[in-house]
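Working notes, beginning with the structure itself.
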Amino acid sequence: MAKTRGLFPASTAERPAEPRQRLELLRRELSERWPQTLARFRAEFERVAGVFHRVPTAADVPAALERICRERDARRLVAWPAEDLRVAIAPALGAAGITVESMPRSVPPEAERRRLRALIAEADLGVTGADLAIAETGTLVLVAAAGRPRSTSLLPPCHVAVFDRTALVESLEQLGLVLEAWHDGPAPPERGAAINFITGPSRTADIELTLTRGVHGPKEIHAIFVDGGLGLHG
Amino acid sequence: MSETAVPRAGSPRRVALMITCLADMFYPEVGERIVRLLRRLGVEVTLPAGQTCCGLPLFNSGYHDEAAAVARRTVQIFRDAEAVVVPSGSCAWMVKHEYPGLLRGTVEASDAERVAGRTWEFAQFLVRGLGRTAFESDVDGPLAYHDSCHLLRGLHEGESPRVLLRDLKGTSVVPLPGSDECCGFGGSFSVRLPEVSTSILERKLANLEASGARCLVACDAGCLMQIRGGLLRRGSALRALHLAEVLK
Amino acid sequence: MTEPIVGTPLRQRAAQALGDRFLHEALDIATTKFITLRREAFDDFPEGERLRDRARAIKEATLQRLDEHLEKLVANVERLGGHVHFATTAEEAREVVLDIARRTGARMAVKSKSMATEEIHLNDALEAIGVTPVETDLGEYIIQLAHERPSHIIAPAIHKTKGQVAELFSRELKRPGLPADPEVLTKIAREELREKFLSADLGITGANFAVAETGTVVLVTNEGNGRMATSLPRVHVAVMGVEKVIPSMTDLAVFLAILAKSATGQKLSVYTTLVQGPRRPSELEGPEEFHLVLLDNGRIAQIAGTLRESLYCLRCGACLNVCPVYRQIGGHAYGYTYPGPIGILLTAMLNGPGSVKELAHASSLCGACVDACPVRIDIPRMLIELRRQVDEEHIAPWTERVVFKTFARVLVHPALYRLGARIGRVLQRPFIREGRIRALPSFFGQWTKTRDLPPVAARTFQERWRDIS
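Protein chains in written order, with the numbering used here: chain A, 1 to 234; chain B, 1001 to 1248; chain C, 2001 to 2469.
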C-alpha cells in the first residue's frame, strides 16, 4: 500500500522575510515589557533549579560573584574576557583572593591552549555572559566565539552567567526568529561553530528514575541579572 | 467531514440493529435490553436478517480481501437502514472508519459511505442521536466506566457513556484509574500473546479494585469478554456489565 | 536478567520478561512517571496541539522533497568546513567511521547516546579495529559495562536496580563496596568519564535534527556528555538517519517546543547543542574535523513504502511509555535495537517484513501510541499493513492462514455461521461448569488458562429475534 502524496497535510514553517529587521522590531517591543519577561524567566529558571541573582548595576557584579564564590569555597575562576562579559571582574575578585583567568580573544599556540584547557578543567567556577535568555523555558543561550570557549560553561562544577535585559526573549517562537536573523548573511569572523542552549544544571534520571544533578556538566547554574545594563566604559 | 464523525442527528425513529457476532453468540441478553430500551424510547428496531460479523478480526490480522468480502455483505444487508445502532465500539469503528476504504472503487462504494455515515455506537445514539441522557438503574454500585480503545480513540467518544453514567439515577459512579488504558483483549492478540494479554488485564483489574467500584461498565463485547473472564476466574465479587445492562 | 536471544519465539521472550518481578515494577514506575510528566507538560501548554500538527506537516513536507533538503544540508555543512558522507547500508556507515578512526589514529572514542550507532552496531566494529568506544550517557554507560543492550529509547538502563548498578560499578570499575546510592554512583560515573572526555581523540554522537538551511546539526541531551563529545576531542563524527533533516531554523523551534515535553515532560532538555562544522580559526577549542554520516539503511525505500509515516519519528520514546505491551514486557523482549510500538515499524524498515512476523502482533492496536506521539504517527495502521504483508507474502504460518480463511468463508455464508453456533453449542457441553467455560483443549486453552469464557448462548440473539420482535 503505497502512501499517496498529498494525503497528509504538508507545509514547512513560514520563515520571516527580513529576519534581521523583524528582530530589531521585536527587540524594541521587548524592551518595553522586559520586567514581565524577566519575571517569567526567573520563575522558569528557578523551576529547573537555576539560582537567580539580581544586581542594580554592573559595578555590583563582582560583589555578587564573590558571594557565590565564598559560599562554595571557589578560588579559581575561568571567565570570558571583560569585553565579552561587558563587566570587569578580575581586579575586584583578585583583591579578594579569587583568581580569574580570562580567556584570550586571539588564539594562542597549541601548548598554551592545552594549558588553558587544563585550567578550565580544574576551575571551580566558570563565568560567562549570555546571548539570549528565553523566558518561556528558563534557558540561557551561549554562542561560542573568540574568547568564549565552550568548556567555560561546561567543565567547572558551577556556571555563572551574567546578562542584562538586552538578552531577554519571551518564547521559543521568538528564538526561531533570532536564529534566522543570526544566520541571515555571513557569520561574523569571531563567531564560533557551536551554539549551546542551557536549561538548568546537568542532570540524569537513568538510575531508577532518581534525579541527580551534575552528571557531566555543571552541578549548579547561576544567573546574575544586571538591572542597569552591562557595558564597559572607558 | 471525517467518516468517523457522528451522524447528523434527526432523532431517527427507526433503527436497524447490528447485533455483532460476539453479542449474538455470547451476550444475547445485551441485545434484548437494547431493543427493549429503544422501544420504550419510541424507536422502532429492525434486525436485518443473516447478520454475521463486521469483519474486524479479519481486518486486524491483515486479511483485507477477506474483510472486504464481509464488509460488502454487511453493507448490502444494511444499505436501506436510516440508522444503524451497534452495541460495540470496535464494530462501529470498523463500519465507520474502515468500510469506505475497503470498498472504495467497488460497486458498493457509495453504499459503504452511506452506511458508515449512518452508523452509531449505542451510547452515542442515546446521547447524540436521541438526546436522551437520563436513565435509571438498579445495578449495585458504585459503577466505574472503562473506555474501549476503538470507541475512545477511534470514534473520539469518551463523553457519551460518561454523560449517561453521570445522569444515572439509582446508583453511584466512581472514576476508574487508567480508564483509558487497554484491557488487553485486542482480538486475536488475546490468544496470540495470552500471557501479555493477561498481564495487561491484571493491571486493569487492579485498577478496578482500587477504584472501589462494584461493577465495571463498558461499551464493547470484546472488553467485557476479557474483563469478565478475568473477574470470574478470580472468583471476584466484582462484575463487568455492558452499558445496556445497566440502564433501565 | 540475562538478555533473551532473538532466536527464541516472542511469546517466550515476553513470558520471561513477565516473570521478572523487578523489571515489572521498574517498568511500571518509570512508564507511569513518564506518562504523568508528559501529560502535565502538555496540560500546561495550550499551543501544544497546534504545534504537533505543525511538526507533523513539516515532517511530511520535508519527506516530499527530501533529496533537495539533503543536498542543501550537505552544501552548507561543507561550506562550514565539515565533511558529509552518505551511507546506504549499515556496513557502509560503519566503514566510514572506522576509516575516520584509522586515519586520525584514534585509540578511544567517547560516544554520546545515539540509537543510529546502535542500529549499525558500531561499537563492536570499533573494538574490532582496536578503538575503544566509551558510552558516556549514564544509562548507556551502565549497559555497556553490563554488556547489554538498551531497553528503552531514552532511558536505556531502566531495567536495572540501583543495587545492580552499584554491584556492576564495584566489579567493573574495581571500586569494591559501592553503596546503592544514585548520587554516589553518578559522581563516580562523572569522574571516570571526565577523564575519558579529556583524553579521547574521537567523539561520536547521533543527531536529533540537522537544519538544511544553515548546515547545523542539533543534539538534544541532559547530561552534558553531548556537549563534551562535540567540543573536546579532535574529531567529531555525527551519525544521523537521513529523515532527521529539517528545512530551517524556524522549523527547528517548532520541534524543540514539543520534543522534550513528549519524552520527559521537560520544557527543553538541559542542553540543546547546535554544531556548525569544525571549530573556527578564531576559536580556542572545538574539533579540528567534523564529519556527518547520513544513514539510509532502508529509510529512503520507505518514502514510497508502507512505513513512510514512521520516518516522522523523533525518537522521543513517548509511545513506549503508553504502550500496554511495552509496559508489561520492557524493551529487551522485542529482541531488536528499537523496542516499543515504533520499534516494530523500524525493525521492519531495517530488516524486512519477515523480521516482524511475530512482532507485528505484539500489539492490541489500542492506539495509545498515536495519542502520545508528538507527530501523531498512526502506528496501528502500519502494524495492520505489516500483518497484511506477512499474510500475503506467506510469512505467517500456513495453519493460521487456513484458520482465518475458513473463518472468512463462514462469515460470508450465514448458514455456515448459524451452523457454527449450533456446533459450538454441542462441542462445548462437556466444558461448561456453572454456566462458564473454564478449560478448553488445544488452541482455545490459550484463553482459558487464565480467563473464563462465556458459553455460546442456548439461543443466539438472531435466533431469539422472532420472540422479541
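From the three backbone atoms N, C-alpha and C, an ideal C-beta is built for every residue, glycine too.
The structure displayed is predicted, hence computed values, not measured ones.
Chain C within 8 Å of residue i, Cβ atoms only
i	result
MET1001(B)	At MET1001(B), the pLDDT of 41 sits below 50, so the modelled position is not reliable; the number obtained from the coordinates is stated separately. It does not; no Cβ of chain C falls within 8 Å.
ALA1081(B)	no
ALA194(A)	yes
LEU179(A)	yes
PRO1028(B)	yes
ARG117(A)	yes
ALA13(A)	yes
GLU1032(B)	yes
ARG1014(B)	no
VAL1086(B)	no
ARG76(A)	no
GLY217(A)	yes
ILE68(A)	no
Proximal residues of chain B, C-beta to C-beta of residue i below 8 Å
i	result
LEU2018(C)	GLU1195, VAL1196 and SER1199
LEU2365(C)	ASN1060, CYS1149, GLY1186, GLY1187 and PHE1189
Chain B within 8 Å of residue i, Cβ atoms only
i	result
GLN2462(C)	yes
ALA2116(C)	no
Residue i in three-state terms, based on DSSP
i	result
ARG2234(C)	coil
ASP2028(C)	helix
CYS1054(B)	coil
VAL87(A)	coil
LYS3(A)	Low local confidence applies: a pLDDT of 39 at LYS3(A) is under 50, so the model's placement there is unreliable, with the coordinate-based value given in what follows. Three-state result, LYS3(A): coil.
ARG2459(C)	coil
ILE2377(C)	coil
TYR1063(B)	coil
VAL1030(B)	helix
LEU232(A)	coil
THR1046(B)	strand
GLU2003(C)	Note that GLU2003(C) scores a pLDDT of 46, beneath 50, so its modelled location is shaky and nothing firm can be said.
VAL51(A)	strand
VAL1006(B)	coil
HIS2471(C)	No information on residue 2471(C) is available, as it lies outside the stretch 2001 to 2469 that chain C covers here.
Within chain C, the residues that residue i reaches when beta carbons sit closer than 7 Å
i	result
ARG1040(B)	Those do not exist, as ARG1040(B) stays about 14 Å from chain C at its closest Cβ, beyond 7 Å.
THR1052(B)	LEU2411, PRO2414 and TYR2417
VAL1035(B)	ILE2468
GLY97(A)	The contacting residues do not exist; GLY97(A) stays about 26 Å from chain C at best.
Residue i: contacting residues in chain A (beta-carbon distance under 9 Å)
i	result
ALA2318(C)	Chain A residues near ALA2318(C): none, gap ~16 Å exceeds 9 Å.
ILE2029(C)	GLU208 and LEU209
Contact with chain A by residue i, beta-carbon distance below 8 Å
i	result
GLY2007(C)	no
TYR2498(C)	Residue 2498(C) lies beyond the residue range present for chain C, which begins at 2001 and ends at 2469; the question has no answer from this structure.
SER2282(C)	yes
GLU2003(C)	Its pLDDT being 46, under 50, GLU2003(C) is placed unreliably in this model, and the coordinates cannot settle the point.
LEU2292(C)	no
GLU2191(C)	no
Where residue i meets chain A, residues with beta-carbon distance less than 8 Å
i	result
VAL2375(C)	None at all; the shortest Cβ gap to chain A is about 11 Å.
Proximity below 8 Å, CB of residue i to CB of residue j
i	j	result
MET2244(C)	ALA2207(C)	According to the sequence as given, residue 2244(C) is Lys; it is not Met. Their beta carbons are under 8 Å apart, which means LYS2244(C) touches ALA2207(C) by this criterion.
LEU142(A)	ILE89(A)	no
SER2151(C)	GLY2330(C)	yes
GLY2265(C)	LEU2037(C)	yes
VAL1246(B)	ARG1128(B)	no
MET2240(C)	LEU2295(C)	yes
ARG1153(B)	ASP2391(C)	no
MET2482(C)	LEU2350(C)	No answer is possible for residue 2482(C): it lies beyond the span of chain C, which begins at 2001 and ends at 2469.
Distance cut-off 7 Å: residue i Cβ against heavy atoms of the ligand FMN
i	result
SER2442(C)	The ligand FMN is absent from the structure shown, which contains no ligands of any kind.
Chain-ordered chain C contacts of residue i [CB-CB under 8 Å]
i	result
HIS1064(B)	ARG2388
THR137(A)	LYS2267 and LEU2268
Partners in chain B for residue i, counting only beta-carbon separations shorter than 9 Å
i	result
GLY2011(C)	For the sequence presented, residue 2011(C) should be read as Arg rather than Gly. Ordered by position in chain B, the residues that pass the 9 Å Cβ test against ARG2011(C) are ARG1192, LEU1193, PRO1194, GLU1195 and VAL1196.
Completely contained beta strand (DSSP E) runs for the stretch 1096-1160 of chain B, where each covers 3 or more residues: 1119-1121 and 1143-1145
Ordered list of beta strand (DSSP E) runs contained in the stretch 2157-2230 of chain C, each at least 3 residues: 2202-2205, 2209-2211 and 2216-2221
Alpha helix (DSSP H) runs wholly inside the stretch 2407-2437 of chain C, at least 4 long, in chain order: 2414-2428
Ordered list of alpha helix (DSSP H) runs contained in the stretch 167-192 of chain A, each at least 4 residues: If we require 4 residues or more, the alpha helix (DSSP H) runs fully inside the stretch 167-192 of chain A come out as 172-182.
Sequence ranges, beta strand (DSSP E) only - wholly within the stretch 92-178 of chain A, length at least 3: 99-102, 125-128, 132-134, 139-145 and 158-164
Whole runs of the beta strand (DSSP E) within the stretch 1180-1227 of chain B, excluding any shorter than 3 residues: 1215-1218
Alpha helix (DSSP H) segments (min. 4 residues) lying fully within the stretch 2269-2331 of chain C: Runs found: 2318-2322 and 2324-2329.
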